[in-house]
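Please read the structure below before turning to the comments.
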Amino acid sequence: MSSISTTGSVPTTRAPALSPVSRPGWLERTNLLFQLPLTMRTRVVVVIAAVLLAIAVLLPLWHMTLYSNQYTDGLNLYIYTHKLVGGAVQGDRDDLKEINTLNHYIGMHPLQSEDFHEFKWMPLALGILVLLALRAVVLGRMSNLVDVTVAMGWFGMFSLWSFYSKLYAYGHNLDPDAPVKVAPFTPPMLGSKQLANFTVFNYPALGSYFILLVLLLLLAGIVLTARQRQWELQ
Amino acid sequence: MKKTSWTWVVSGLALAVLVVASASSSCAKKPKLARTGDVTQSAIATYVAPGDLDQYYLFYSGGHSGNVYVAGVPSMRHIATIPVFTPYPGTGYGFDKESKEMLGGFTWGDTHHPALSETNGDYDGRWLFINDNANNRVARIDLRDFKTKEILGPIANVSGNHGSTFVTPNTEYILAGSRFSIPLPKGTYAPIEQYGTQYKGVVSGISVDPKTGHMTVGWQIVMPPFNYDLGDAGKGRSNGWAFWTSYNTERATGKLEVTASQKDRDYIAAVNWKVAEQAIKDGKYKTMGGMKVIDPRDVPGVVYLVPCAKSPHGVDVTPDGKYFIGSGKLQAIVTAFSFDKMLKAIQDKAFTGNEDGIPVLNYDAVKEAEVNVGLGPLHTQFDDKGFAYTSLFVESAVAKWKLGTWEVLDKVPVSYNVGHLTAPHGDTVNPRGGWVISLNKLSHGRHISVGPSQPESSQLIDVAGDKMKLVYDAFTEPEPHYAQIIDTKLLKPIEIYTANENKHPGAIWDVKDAKVERQGNHVIVHMSAVRSNFEPNKLELNQGDLVTIYLTNIEQTTDELHGFSLNEYNINVVIDPGETKVIEFVANKSGVFPFYCTNFCSALHQEMQGYVLVKGRGGVAAASKGKAKTPVAVAGLGQ
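Taken in sequence, the protein lines are chains H and D. In this text, residue positions in the first sequence follow my numbering: the first is 1, and each later residue adds one. In this text, residue positions in the second sequence follow my numbering: the first is 1001, and each later residue adds one.
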């Protein structure tokens, strides 16, 4: 933005709203920024971002692995935008069922897709974001791109909070009549933690990296247009 | 003085005798050791480190235990027992409704010759067939889950199914035959004096459905009253033929060890099963005992008799199918018969006579070579380099000889009295070589003593080099006869039954679906088992109720087995992950009976239990009402 403020002379044909003599204030400069048309390069970047975001809907967002002496290859749980999947490293084993069977000893509520409201709104939200990104490409205004970028950031942060609160809730709402009493706990969200005989690893999976990449691409789109215009204005 | 010296002389003599005696006795006790070569090398060759896997599966017959044993090669570790003809509480086999029905009331069998299913003459890893010498049955084990899936028999007309279950190169047929000729059809009486004419043997082809493995009797051929012993199917150029050895071609009765050992040659029966198959299609058969039975007089060319040295035991077809090796157990030779020469002899009608209308071929016209292997040859297996290995029962040794040159190259003593021997894919068109296992009948204490009832010994012999090396002794439960060895790569066993696969109508997959229904005095229970509980965990019954429990292990992880035992009701069922079994019994004993998980499952395994509460007949109104309707169908335990 500061790059625009350093603009010396603005050709009237390009920005007729600005007076060629008086230097514009910060508000005007911001308005100018939001009204900038997106460059072709930015539009391509945003289209790529939209495609990646659409793919992310189908990819696991988080991957939890539980290791113990009996499960040397680990019990795997993949969290998607719309479902939980117990990964089977070998054969037809159902790891989600196994995790629930083990968790019932400490009175943890079974992990089941029906209980995750996130699985209803996350695909919807991502779909809306994809459409908003494509809308920005078509309408071609910086303001549209800023909208989708901000919404994307908000979506990411809200999702992380929602995920953390789920982890907290599962580890804290334990059945008081459970056969094995454990102190309430929060499974790790990022990193590893020892829980009874299990070492639990929890890390973002491919879908989350896609979403992060999408956010970076959208920011890059903004910067690309801003810098292009700055160059043109010079 | 005199007295003293006399004493000295006596003492001296006694001492000398003692020394000599102890020296000679210690010499006598020293067993004749088999060649082991370098012990360290042997140890490394057979050592499978913790977590590592064997290269081959070894499927042993379990003899009169009625089971099949599974071991790994080269470690020789026993890994599993597959119950076939005998109830086996370890896996709950023979206690649930389905396996009980499959056993058909028999409580044992005598397994001798396992046969892996074949495609193009080599093992394909789909099924393992096994015979029952005692009750004339054949069973099929599915190698997808290592479970007995089907038992055929008692097979009509077949008496003493010993020459079984050798398979044809594409598992079209598995062989079956009569070891003990009897008057036919079964149920017929004829005095033993009429043995030679009124008693009959039968050889049989059991056809196998290529998709499902389902077994049905394809054809039977009525034969002279000999004892049909062992068989093998032709392969390669001899595909389409089946061979059985026979002894007691004297048609003798009584003390057979004498009366059946009089002739210098008995026969190998060569059956053209393609002709038999066609004869059945053409309707050239009689129906006997519900079976389609061919009389060789009506179908010329279906069977020929090839004379073979005295009382032959094994007949084994070489990998290329060119020769069949007959082992005359009472002579010191094996005879290699040429398949091509046999065809020529048939063409030339080089017959020396007939037995009940079956042509007997001229021995010299069919013989390719006699190999002086040693005393008491029984069976022959093959390797990948053109060598044959013959077990020598009397000599307690394995002989190695060369196909084609027919020279004996090496011999290794075994401990003791080898019966069958087996080699990796050793009876297929594609033997893998490297190992031979000598399946010995006697172990004579080559193990820590377990009293007079001694185990059998199986010895692993390294045959990769020029000289055979005995490298490992293993001991098994009674009593392996033949065994087969298959590359582990050919098997892909499942580890759980998925909910998708389990189509049992009584299966449930959620504890919430567990329920008890009563229809008159039939109580139907859908029960779940999962760590660490049964649901329902109590059953309220009236004395005399018929109870059907559909028990599903709803686990979907590996090795989480559960068991269900009902105390004093003689019930123990084991259910694998995702498996459903049906338990059926009549609650004929009143009182309260605990049931519990028998297969250790979890930290709270001890808590995995429940109660069956049976109200006595004299008790409440409901009980007497139930009594009036008591079904008589189910054989429960008598009170």
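From the three backbone atoms N, C-alpha and C, an ideal C-beta is built for every residue, glycine too. All of these numbers come straight from a predicted model, not from anything done at the bench.
*asked:* Quick check: is the beta carbon of E114 of chain H nearer than 8 angstroms to any beta carbon in chain D?
replied: Any Cβ of chain D closer than 8 angstroms to the Cβ of E114 of chain H would place that residue at the interface, and such an atom is absent.
_Checking 8 angstroms against the spacing of the C-beta atoms, do R1531 of chain D and T225 of chain H come in under that value?_
Against a cut-off of 8 angstroms, the Cβ pair of T225 of chain H and R1531 of chain D comes out as no contact.
*So, is the C-beta of E1495 of chain D closer than 8 angstroms to a C-beta in chain H?*
Yes, because at least one Cβ of chain H sits closer than 8 angstroms to the Cβ of E1495 of chain D.
*What three-state label does DSSP hand G1626 of chain D in the structure shown?*
In this prediction, G1626 of chain D has a pLDDT of 43, which is less than 50 and means its spatial position is unreliable; nothing more can be read from the coordinates.
*Between the beta-carbon of A1309 of chain D and the beta-carbon of T1335 of chain D, is there less than 8 angstroms?*
Annotated as proximal: A1309 of chain D and T1335 of chain D, with beta-carbon spacing under 8 angstroms.
_What does the Cβ neighbour count give for W26 of chain H, buried or exposed, with the cut at 16 atoms within 10 Å?_
W26 of chain H is exposed by the Cβ-count criterion.
*asked:* Only counting the same chain, and skipping five residues up and downstream in sequence, which positions put a Cβ closer than 6 angstroms to that of A54 of chain H?
replied: Excluding residues up to 5 positions away in sequence, V130 lie with their Cβ nearer than 6 angstroms to the Cβ of A54 of chain H in the same chain.
*Cβ of T1552 of chain D less than 8 angstroms from any chain H Cβ?*
Chain H contact via Cβ: absent.
_Beta-ladder partner(s) of T1422 of chain D, from DSSP_ = DSSP, once it has assigned bridges, lists D:I1437 as partnering T1422 of chain D.
*Alpha carbon to alpha carbon, what distance is there between N1131 of chain D and T1165 of chain D?*
Our two residues, T1165 of chain D and N1131 of chain D, have alpha carbons roughly 6 angstroms apart in a direct line.
*In terms of alpha-carbon separation, which member of D:G1051, D:M1076, D:G1205 lies closest to K1437 of chain D?*
Inspection of the sequence shows that residue 1437 of chain D is occupied by Ile rather than by Lys. With distances taken between Cα atoms, I1437 of chain D lies closest to D:M1076.
*Could you check which residue in H:L206, H:L195, H:I48 has the C-alpha nearest to that of Y67 of chain H?*
Closest by alpha carbon: H:L195.
*What is the DSSP secondary structure of Q1278 of chain D, counted as helix, strand or coil?*
It is helical.
_Identified DSSP bridge partners for W1127 of chain D_ = W1127 of chain D is bridged to D:D1142.
*Taking only the alpha-carbon atoms, compute the straight-line gap between A1279 of chain D and P1296 of chain D and give it to the nearest angstrom.*
A1279 of chain D and P1296 of chain D have their C-alpha atoms spaced approximately 10 angstroms apart.
*asked:* Could you check whether the stretch 94-111 of chain H touches the stretch 75-86 of chain H, counting it as contact only if at least three pairs of C-beta atoms, one from each stretch, sit closer than 8 angstroms?
replied: At 8 angstroms Cβ cutoff, the stretches touch.
*asked:* So with CB distances below 9 angstroms, who are the chain H contacts of R1531 of chain D?
replied: Chain order gives the chain H residues near R1531 of chain D as T101, L102, H104, Y105, where near means a beta carbon separation below 9 angstroms.
*asked:* Is there a C-beta anywhere in chain D that falls below 8 angstroms from the one on R141 of chain H?
replied: No, because no Cβ of chain D sits closer than 8 angstroms to the Cβ of R141 of chain H.
*asked:* Between L1490 of chain D and chain H, is any beta-carbon pair separated by less than 8 angstroms?
replied: The Cβ of L1490 of chain D sits no closer than 8 angstroms to any Cβ of chain H.
_Taking 8 angstroms as the threshold (C-beta atoms), are N1599 of chain D and L1561 of chain D in contact?_
Yes; because the gap between Cβ atoms is below 8 angstroms, this pair is in contact.
*For the alpha helix (DSSP H) that contains I48 of chain H, what are its first and last residues?*
Segment 40-56, the alpha helix (DSSP H) holding I48 of chain H.
*By the criterion of Cβ-Cβ separation under 7 angstroms, what are the contact partners of T1580 of chain D in chain H?*
Simply none; closest approach about 16 angstroms.
*A125 of chain H versus L215 of chain H: straight-line alpha-carbon distance, rounded*: Between A125 of chain H and L215 of chain H, the C-alpha separation is close to 15 angstroms.
_N- and C-terminal bounds of the alpha helix (DSSP H) containing M152 of chain H_ = Note, M152 of chain H: alpha helix (DSSP H), 142-172.
*Measuring CA to CA, which of D:L1566, D:G1578, D:G1374 is closest to V1614 of chain D?*
For the residues D:L1566, D:G1578, D:G1374, the minimum Cα distance to V1614 of chain D belongs to D:L1566.
*asked:* So, with DSSP's three-state summary, where would you put P1480 of chain D?
replied: Three-state result, P1480 of chain D: coil.
*Are the stretch 1376-1388 of chain D and the stretch 1418-1432 of chain D in contact at 8 angstroms, needing three or more beta carbon pairs?*
Between the stretch 1376-1388 of chain D and the stretch 1418-1432 of chain D, the count of C-beta pairs closer than 8 angstroms reaches three or more; the two stretches touch.
_Looking at chain H, is there any beta carbon in it that lies within less than 8 angstroms of the beta carbon of E1555 of chain D?_
Yes - at least one Cβ of chain H is within 8 angstroms of the one on E1555 of chain D.
*Quick one: measure Cβ to Cβ for D92 of chain H and T1498 of chain D, integer angstroms, because I've assumed they're closer than 8 angstroms.*
That belief holds up - the Cβ atoms of D92 of chain H and T1498 of chain D are roughly 5 angstroms apart, short of 8 angstroms.
*asked:* Does L218 of chain H come out as helix, strand or coil in the three-state DSSP assignment?
replied: Of the three classes helix, strand and coil, the one that applies to L218 of chain H here is helix, per DSSP.
*The alpha helix (DSSP H) enclosing G1196 of chain D, as first and last residue numbers*: Start and end: 1195-1198.
*When the Cα of T1548 of chain D is compared with those of D:I1524, D:I1494, D:G1063, which residue comes out closest?*
Each of D:I1524, D:I1494, D:G1063 was checked against the Cα of T1548 of chain D, and the nearest Cα belongs to D:I1524.
*Curious, which full-length alpha helix (DSSP H) runs of at least 4 residues does the stretch 1237-1308 of chain D contain?*
Scanning the stretch 1237-1308 of chain D from its first residue to its last, the whole alpha helix (DSSP H) runs of 4-plus residues come out as 1256-1259, 1273-1281.
*Interface flag, L1409 of chain D vs chain H, CB-CB below 8 angstroms*: Chain H contact via Cβ: absent.
*Any residues in the stretch 1578-1604 of chain D with a beta carbon nearer than 9 angstroms to a beta carbon of chain H? Which ones, in chain order?*
Using a CB distance below 9 angstroms, the part of the stretch 1578-1604 of chain D facing chain H consists of G1578, S1602, A1603, L1604, ordered along the chain.
*Taking C-beta pairs closer than 7 angstroms, name the residues in chain D that P123 of chain H reaches, listed in chain order.*
For P123 of chain H, there are no neighbours in chain D by C-beta distance under 7 angstroms, as the nearest C-beta there is about 26 angstroms away.
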